[in-house]
Amino acid sequence: MKAPSPMSPNTYVGQPIERVEDLRFLRGRGQYIDDIKRDDQVCAAFVRSAVAHGRVRSIDATAALAMPGVRAVITAADFDGPIPTIPFRRPNPSIGPYAQPVIASDKVRYVGEPVAVVIADTAERAEDAAQEVVLDIEELPAIVGMAPAEANEVLLFEAAGGNVASVFVGTLGDAAAAFAAADRVVRGAFRTQRQTAMPMETRGLLAEWNATTSHLTMFGAAKLPFFNRRAMAAMMNLPEAQVDYIELDVGGGFGARGEFYPEDFLLAFAARRLGCPVKWIEDRREHFLATGHARESACDIEFALRSDGIILGARGTLFSNIGAYVRPNGITPARNMVQFLSGPYRIPNIHFEGRGIVTNKTPAGTYRGPGRYEGCFYCEQMLDLSADKLGLDRLEIRRRNLLTDADMPYRLATISPSDGAAETFCDSGDYRSTFERCIIESGWAEKAQLQGRLIDGRYHGLAIGNFIEGGASGPQENARIDVEADGMVSVYAGSSAIGQGTETVLGQIAADALEIPFERITVLHGSTTYLSEGWGSYGSRGTVMGGSAVIDAAQGLIAKFRGAAAIALDVAEKELHIANGVASAPNGRSVKLAQMAGLSCDGSFKNSKATYTFGAAMAHVAVDPKTGHVAVIDYLAVDDVGRIINPLTLHGQVTGAAVQGLGSVFSEELVYDESGQILVGSLADYLVPLATDYPTIRCVSLENYPSPNNPLGAKGAGEGGIIPVGGVVLSAVTAALQSLGVRPRELPISPPKLWALIQQAAQA
Amino acid sequence: MKLAPLDYKRPASLQEAIAILAAHDGAALPLAGGQSLIPILAFRLAAPTMLVDLRGVPGLDGIAIGPGGVRLGAMVRWRDIEDEKRLAAAWPLLPAVISHIAHYQIRNRGTVGGSLAHADPAAELPGLAVTCDATIEIVGRDGPREIPASALFVGALSTSLAAGDLIVGMRLPPWRDGRRWAFEEFALRRGDFAIVGVAAYYDLDDAGRVVDAHIGAIGVSEYPIRLTAAEQALNGSPIDDATIAAAARAACAMVEPQDDIHASAAYRRALVGTLTERALARASA
Amino acid sequence: MTAIMQLSFDVNGAPVVVEVQARTTLADCLRHTLGLTGTHLGCEHGICGACTVIVDDAAVRSCLMLAVQAEGTRVVTVEGLSGDDSLTPLQAAFRKHHALQCGFCTPGMITTLHALLTDEPFADADRIRDVLSGNICRCTGYIPIIEAALEARIAYQGKREDGRR
């Protein structure tokens, strides 16, 4: 680590500053939700449906209520009025009927749906009693696949009349005309499997109800505490000011954690009803049933091409299996596939339709790069198909269609119905720059001789793919900076921490903006008690939006400092020179910011123009045709993030996301049977990458094209690492097996599945 | 995933342990390293009312190496086998197989007896025991007895042990000088249960022909099996590519694996051939 | 069947006597009875390794051990590895290499590596990867963890010349 000098602006931003969070995490002093307890707390356990689709006939809690330590068993019968439903994150005209009631009353629609809550004095006793609650559920035919669901063979919601909950249309230019003018049309159908984000800490909450003040406090917040507070207040019939969400340390998020879940409301409901704090720690088995799934999608799309490989247009349908209900972010992947499938490529004419289809599976939501990973996978496979059909080099077709800085700002497909971000523009960059750098940095020229060759029993394959990563989701973020009595500076931010180093990164930004040492700053974040309004960390926005708000607050604070110093030093404001946290008057007198205890300034950053990190990734694989095992020999990601705040945390995001993506490609899958039973319920069966799996991941981060859309010039960087992985790795596998005629069209390509494809090709 | 209520006893003698187990008639389970049993209890897939911890029972540990072969006490941990460096020469197949078992922390607690009694169809030690004609030493209500490993396993997670029976040790027959051997396993990740594993050894007579071939597989049926057809293809033949290929084909042909969420039956069958071929190629190299 | 048992063992160098149910795992005993919440539970079924503690010098999964099985043993948790204000060389290497993000798996990584490097201070990258295959990290992709462990070896090497236990 370079020793930073605190003497000039921009001393910290860009430096590999070691994280402040690490000091507690490394010594076991983090405080996660299960690490707090209240003397009078009780614990919850959920009774969940064991059938995928059925009518609830009766719930008998008699035996459970008689068990030691049991305080209550809550069911739908305990609700006076209508049962509240899980809120939606963004408006949509068609999804209303598909909202999830917080507890099942008449029907259950997936295995794991909460039917009752057992409250007992300990977690063990709650679990003991939950086993004794007797559910009588009349089984209905379940529907697990998207095609039968779309055919409305079985309706999940009779009143809604169909299983397609939402349809997004993405358009740009005139797709019909482009296809009419095409030299060649290439069609492809591909699929991605059902997964889940699988943070290492399961979800958990402690709901505390103060009857005297009618105030609810939810400990264990993550991702978007202010939205959840608003939703909870409405569902609990409370003014927003009487609800707080408190963030503790969070053991990973990746999109799934922190969304509003049924359990959140039920715990608050139980706390108010019982008058004591109610705690629930999700166990890993129920995590598979209860925490949002993601990624199950399919496409049937066409590219219109000129004979020289220039893409004229794209059209087709994208399908997203969103599970049994539309959860807060349930339709986001379908929406994002439609808008972002074209990614970094110039596809001037687009007509995509994206359908969100309900089935009897756990409701889905977002997982790192939602819809973007899937869209990138589809686009890269279509480019390979196109290159092969046209007899073009696979790199050359990419090079010819990548956007350049002359294209900027570049309009992506417009979404209808609008959700507030229907129009978006790539902000800056020459997308060929990372591609060409990736070719050089990966040693492509040398490696290319291995392409398709069988060496020591393994086929080698190489590919390069490209991606964009949307970031800086709007509309706003807030911050406040206070000078404390001891001269320390507290920075409050609406951004929340999910393990990405928020305290360090926002501290760097604040230190530079205030020109004071990093060590004098404490960053506090993620709780509704710090700011009157905030947004959070999702859509790769925490650093860009939060950091920009911190800069605004810092500039405001400096202005206030100037005013206060002018009075203190009895000079005109404009005569003061402010640098390094000191206001100096011409007469040599000075006052420090640290002496200004009580000085405070709010700041905010309003912006709905997204940032677009862009990049390329190279994969070199070797396939053992006898076992179907694919070894990742080398993987390189090159991205341009506009402005690097902290290269350590940036590389951490990119590398970690790439390895997650390799799990997506090869091993992670939530398998269901035809009756809607989930067959994967342990970490022995859900195969996330281990330390032995992918030892060679490299990344190169550039900052050649700052974003014009925020004062930092920064772009989101939390998701880009995963977005290209499916596309580029499958391309490398198809390149390896080209001589065998093997072209996988579905993820994951586990060894048994790839082996089966090799067998099929051999027999064909 | 908290365990259901249960009682716990730590007897100080084998007789006491057996008496407790017998008195509970199946409702009490012996607890050795607990590395397979406790996950089952955490998922509440079994509901014993009592665990009988064997930690205080003397005489169940110890690795004995002698002219009669190798004896492993039931409470010998995987780590003890790794640490017993004499095995590399005395019974090299044993440490080679053990190195595939689970992970570092599990290997610090998991035991020989626990693995045999758990009888997972994809577990390595039961496979080794069946392949190599191991003898299982049991003490039960009626005193000690011995059975061949092949008589221990009767189904997936199912053994011929009666309530009150305890495995106290396992014996491997003498290892002959010059013996050729290999173990090949394919798992989806390091430390996962095998999709398929194949253990093989054979000796060569003076004419360079295979004698006494032993080949066994895990992951392809409800319990570990000997690939007898592959053994027959080897015995009496010189070891060459053709013989190895014939043995691999015979191995494939004789297994009847099942589909599961991780792999199809066809894949497992093909892997038996591939791993048999690779094991024999390595053994003969 | 809800027998409460008295249990004596040594935790981070100090003797403790606690009462636990027979069904209580060592992990829950450490976390909830003794308040040592640095030991994390990521799966409770012996796969993720977050709950790794050191029992009689061996790294074990504390979710796969009943508390009563710890009778008479010496248990070391992540809290027992460093003093109040300092990081151990291993912890410092983790920080330098950004070998942790959310921090949830970190205590298990630290305890596992401490046990490994104490026994095998010359462990190479392959051995370290092999051992850490029993500890899941969802954030880092493991690469910086391996780098940190390799760098930290030097602090363990003075004590032992042969590299073997």
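For the protein sequence lines, the chains are B, L and X, in the order given. Quick note on numbering: my numbering labels position 686 of the first sequence as 686, and the sequence is numbered without any gaps. Take any residue in the second sequence, note its place counting from 1, add 1000, and you have its number in my numbering. Take any residue in the third sequence, note its place counting from 1, add 2000, and you have its number in my numbering. We put the beta carbon where it would ideally sit given N, CA and C, even for glycine.
Look at the stretch 591 to 674 of chain B and you find these whole runs of alpha helix (DSSP H), each 4 residues long or longer: 647 to 666. Identification of residues in the stretch 20 to 44 of chain B having a C-beta nearer than 9 angstroms to some C-beta of chain X yields Glu-21, Asp-22, Leu-23, Arg-24, Phe-25, Leu-26, Arg-27, Gly-28, Arg-29, Gly-30, Gln-31, Tyr-32, Asp-34, Asp-35, Ile-36 and Lys-37, given in sequence order. Apart from the 5 residues on each side of it in sequence, Thr-2024 of chain X sits with its Cβ closer than 6 angstroms to the Cβ of Ala-2067 in its chain, given in chain order.
Pairing Trp-1078 of chain L with Arg-1107 of chain L gives a Cβ-Cβ distance under 8 angstroms. The three-state secondary structure of His-577 of chain B, taken from DSSP, is strand. The beta carbons of Gln-339 of chain B and Ala-413 of chain B sit closer together than 8 angstroms. Rounded to the nearest angstrom, the gap between the Cα atoms of Ile-1218 of chain L and Asp-685 of chain B is 18 angstroms. Taking C-alpha positions only, Gly-356 of chain B is separated from Gly-563 of chain B by approximately 55 angstroms. Glu-139 of chain B carries a strand assignment under DSSP once its states are collapsed to helix, strand and coil. The three-state secondary structure of Gly-452 of chain B, taken from DSSP, is coil. Excluding its 5 nearest sequence neighbours in each direction, Gln-677 of chain B has C-beta neighbours in its own chain below 8 angstroms: Ala-52 and Val-111, listed in chain order. Taking CB atoms only, His-2045 of chain X has a neighbour in chain L less than 8 angstroms away. Arg-458 of chain B and Leu-1128 of chain L have their C-alpha atoms some 29 angstroms from each other. Contact annotation for Leu-1188 of chain L against chain B: Ser-667, Leu-687, Ser-750 and Pro-751 [CB-CB distance below 8 angstroms, chain order].
At a cut-off of 8 angstroms, the C-beta of His-1214 of chain L has no neighbouring C-beta in chain X. Assigned with DSSP and collapsed to three states, Asn-92 of chain B falls in coil, not helix or strand.
With fewer than 16 neighbouring CB atoms inside 10 Å of its own CB, Ala-176 of chain B falls in the exposed class. Per DSSP, the beta bridge partners of His-1214 of chain L are L:Tyr-1201. With fewer than 16 other Cβ atoms inside 10 Å of its own Cβ, Arg-57 of chain B counts as exposed. Residue burial annotation: Val-2017 of chain X is exposed, with fewer than 16 other C-beta atoms found within 10 angstroms of its C-beta. For Thr-522 of chain B, the beta-bridge partners assigned by DSSP are B:Ser-490. In its chain, beyond the 5 residues on either side, Pro-417 have a beta carbon closer than 6 angstroms to the beta carbon of Pro-93 of chain B.
For Ser-433 of chain B, the secondary structure class from DSSP, reduced to helix, strand or coil, is helix.
Look at the stretch 260 to 282 of chain B: it has no residue with a C-beta under 7 angstroms from a C-beta of chain L. For the set B:Leu-450, B:Asn-580 and B:Ser-548, the Cα lying nearest the Cα of Phe-561 of chain B is the one of B:Asn-580. One alpha carbon belongs to Arg-89 of chain B, the other to Gly-54 of chain B, and they sit about 28 angstroms apart. Where Ala-2093 of chain X is concerned, the enclosing alpha helix (DSSP H) starts and stops at 2089 to 2096.
Counting the other CB atoms within 10 Å of its CB gives Asp-244 of chain B a total of 16 or more, which places it among the buried residues. Leu-156 of chain B and Ile-415 of chain B have their C-alpha atoms some 27 angstroms from each other. For Pro-1030 of chain L, no Cβ of chain X is located within less than 8 angstroms of the residue's own Cβ.
Contact residues of the stretch 2068 to 2096 of chain X toward chain L are Val-2068, Gln-2069 and Glu-2071 (C-beta to C-beta distance below 9 angstroms). For Gly-2072 of chain X, same chain residues with a beta-carbon under 8 angstroms away, outside a window of 5 residues either side, are Ser-2008 and Phe-2009 in chain order. Judged by DSSP in its simplified three-state form, Trp-444 of chain B adopts helix. Think of a sphere of 8 angstroms around the beta carbon of Met-1050 of chain L: no beta carbon from chain B falls inside it, the nearest being about 17 angstroms out.
Met-2005 of chain X has a beta carbon lying within less than 8 angstroms of a beta carbon in chain L.
For the C-beta of Asn-1108 of chain L, the chain X residues within less than 7 angstroms are, from N- to C-terminus, Ala-2058, Ala-2059 and Val-2060.
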